[in-house]
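Q: First residue of the sequence shown? That's 1319 in our numbering, and the numbers climb one at a time after it. Quick reminder that beta carbons are idealized off the backbone N, C-alpha and C, glycines included.
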Amino acid sequence: MEPQAHGGALKREHDTPVPVEVEGDDMLKLLKMIALGHVEVSALQVRAAIAAVQYEHAKPAEGGKKDARRGAAKTASAGKYAPAAPPPRLVQ
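Quick look at the structure:
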């Protein structure tokens, strides 16, 4: 911050954006490079990369109660409690 000649608020220096080149335009790879310290970027560029990753890479969905019950029913119906075969149809 620099003091002003006429008084008042201090002027702040703004970071100039640094162009970053990443092979293949993969934002997840860019974020990994930033985390490891291989690339120097501004805070705005990091926020933009985080926003872009959400559209490119979906999170794996967690299984809820319904999925757990469906999976348990599928495994239970495969063994001893499997549904019986229908009777043969003799009349046409």
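Can you name the start and end residues of the alpha helix (DSSP H) that residue 1386 belongs to?
A: Numbered from 1 along the sequence shown, position 68 holds the residue referred to as residue 1386. Here the alpha helix (DSSP H) through residue 1386 covers 1383 to 1394.
Q: To the nearest angstrom, how far is the alpha carbon of residue 1406 from that of residue 1392?
A: In the sequence shown, counting from the first residue as 1, residue 1406 sits at position 88. In the sequence shown, counting from the first residue as 1, residue 1392 sits at position 74. Distance between the alpha carbons of residue 1406 and residue 1392: 25 Å.
Q: I need the straight-line Cα distance from residue 1326 to residue 1362, nearest angstrom please.
A: Position 8 of the sequence shown, counted from the first residue, corresponds to residue 1326. Position 44 of the sequence shown, counted from the first residue, corresponds to residue 1362. In a straight line, the C-alpha of residue 1326 is about 28 Å away from that of residue 1362.
Q: Below 8 Å on the Cβ atoms is my contact criterion, and I expect residue 1367 with residue 1348 to pass it. Report the Cβ-Cβ distance as a whole number of Å.
A: By 1-based counting over the sequence shown, the position of residue 1367 is 49. By 1-based counting over the sequence shown, the position of residue 1348 is 30. Contact flag correct, Cβ pair sits at about 5 Å.
Q: Answer yes or no: do residue 1395 and residue 1401 have a C-beta to C-beta separation smaller than 8 Å?
A: Within the sequence shown, numbered from 1, the residue matching residue 1395 stands at position 77. Within the sequence shown, numbered from 1, the residue matching residue 1401 stands at position 83. Their beta carbons are under 8 Å apart, which means residue 1395 touches residue 1401 by this criterion.
Q: When DSSP labels each residue in this structure, what does residue 1374 get in the three-state scheme?
A: Mapped onto the sequence shown, residue 1374 falls at position 56. It is helical.
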